[in-house]
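Residue numbers for the sequence shown, in my numbering: 371 to 641.
Have a look at the structure below, then the notes.
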Amino acid sequence: MNGPAPHDQAGPFYPGDLSPRRYFFSIAIVLGVLFGLLGGSDDNPLSIVQWPLQAIIAITALVTLHMGLIRTFASRLPSIWQLVLSGTAASVLITPIFYFVDVLFGQNQLPESIPAMPLALLEEWAGIYPLLLLAWIAMNAPMLFGYRLRQQVTKPSQEAARAFAPRFLSLPDAPRGALQYLKAELHYLKVVTDQSNALLLYNLRDAIAELPEDEGVQCHRSYWVHLDAVAGYRKDGRQGVITTRTGEQIPVSRNYRVAVEEAVQERVAAS
């Protein structure tokens with residue numbers, strides 16, 4: 371694994387790297403087998419199966435809920451709080467599942483009465499939540515700190531970028547229509563066009579590298595905007611705000627403000 375990427379890079383996953391799903395599930399299975407071996411006993415040899423099963427259930431819930439959350443208001447939150455939200459939601463969802471898996475494998479017993487069930491589940495959740503949240507944040511630590519899993523991708527020439535459609539727009543789930551802007555969502559990429567939007571398993575830095583430089587501008591470490599989509603720009607203290615033709619407000623960080631202002635002025639002068 372390489373060292374930290376520049377501050378404007380979002381995420382460690384690049385095309386050709388180990389995919390996030392494979393990354394998370396590999397860690398989950400390895401930890402599940404390890405805990406199964408360490409926690410196993412002659413009285414419960416099935417623990418070698420129980421732990422990996424619970425690990426797979428947990429990572430499935432975490433990844434699924436996180437993908438759902440970043441399609442909502444949570445996309446505006448810092449990455450660490452997105453992880454806390456998805457980790458908390460996943461812990462609540464999997465608690466009853468884990469409880470009954472424990473019962474199935476003889477690690478727990480059903481309460482003697484139905485009214486006692488909520489307390490039993492609460493105790494189960496209290497044991498699951500801290501470890502699950504810590505593990506989820508630890509798994510995402512490379513992305514949070516900007517570490518990369520391979521060497522830097524070489525940026526193609528402008529001629530090559532114009533000759534071929536960007537790879538990320540040719541993926542099966544890519545939206546159709548004229549590109550408006552891109553937004554990094556942890557190790558996913560939100561692609562917005564004038565017709566629809568979609569989340570792709572892609573990296574913002576690589577997507578920008580596939581586009582001609584004069585088509586758009588990076589305005590924030592998590593945003594790139596197509597210049598044809600810019601309807602207006604205004605300063606906001608030491609930062610700025612781009613208004614798109616669809617009325618969306620996109621932040622411009624102070625590190626990119628000068629480049630954005632120059633790009634917008636050049637486009638206006640050329641039109």
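Think of the CB as a built atom: it goes at the ideal place given N, C-alpha and C, for glycine as much as any other residue.
Open item on the list: Taking the alpha carbon of residue 336 as the reference point, which residue from 591, 596, 572, 573 has its own alpha carbon closest?
Closed with: Nothing about residue 336 can be read from this structure; the chain reaches only from 371 to 641.
Task: Contact check, residue 587 vs residue 629, beta carbons under 8 Å - done: yes
- [ ] Can you give me the start and stop residues for the alpha helix (DSSP H) that residue 645 sits inside?
- [x] The structure shown does not extend to residue 645, since the chain is modelled only from 371 to 641, so the question has no answer here.
Task: Alpha-carbon to alpha-carbon, residue 603 and residue 609 - done: 11 Å
Task: Buried versus exposed call for residue 411 [16 or more other C-beta atoms within 10 Å across all chains shown] - done: The predicted model places residue 411 with a pLDDT of 49, which falls under 50 and marks its position as unreliable; any figure quoted below should be read in that light. That one is exposed.
Open item on the list: On the criterion of 16 or more Cβ atoms from any shown chain inside 10 Å, does residue 420 qualify as buried, or is it exposed?
Closed with: buried
Open item on the list: In this structure, how does DSSP classify residue 550 when only helix, strand and coil are distinguished?
Closed with: strand
Open item on the list: For the beta strand (DSSP E) containing residue 710, name the first residue and the last one.
Closed with: Outside the modelled stretch of the chain, which goes from 371 to 641, sits residue 710, for which no answer is possible.
Open item on the list: Between which two residues does the beta strand (DSSP E) holding residue 511 run?
Closed with: It is not in any beta strand (DSSP E) - residue 511 instead sits in the alpha helix (DSSP H) that spans 511-514.
TODO: Using only alpha-carbon positions, find the residue among 563, 446, 401, 561 that is nearest to residue 621.
DONE: 446
Open item on the list: Just to confirm, is the Cβ distance from residue 433 to residue 394 under 8 Å?
Closed with: yes
Open item on the list: The beta strand (DSSP E) that contains residue 588, what's its start and end?
Closed with: 586-590
Open item on the list: Can you find the residues in the same chain that come closer than 7 Å, C-beta to C-beta, to residue 465, ignoring five residues on each side of it along the sequence?
Closed with: 491, 494, 495, 498
Open item on the list: Please classify residue 461 as buried or exposed, where buried requires at least 16 other C-beta atoms within 10 Å of its C-beta.
Closed with: buried
Open item on the list: Taking the alpha-carbon of residue 605 as reference, which of 577, 619, 594 has the nearest alpha-carbon?
Closed with: Among 577, 619, 594, the Cα nearest to that of residue 605 is on 619.
Task: Between the CA atoms of residue 473 and residue 581 - distance to the nearest angstrom - done: 54 Å
Open item on the list: Going by DSSP in three states, residue 442 sits in which element: helix, strand or coil?
Closed with: coil
Task: Own chain, CB closer than 6 Å to residue 399, minus 5 neighbours either side, in chain order - done: 422
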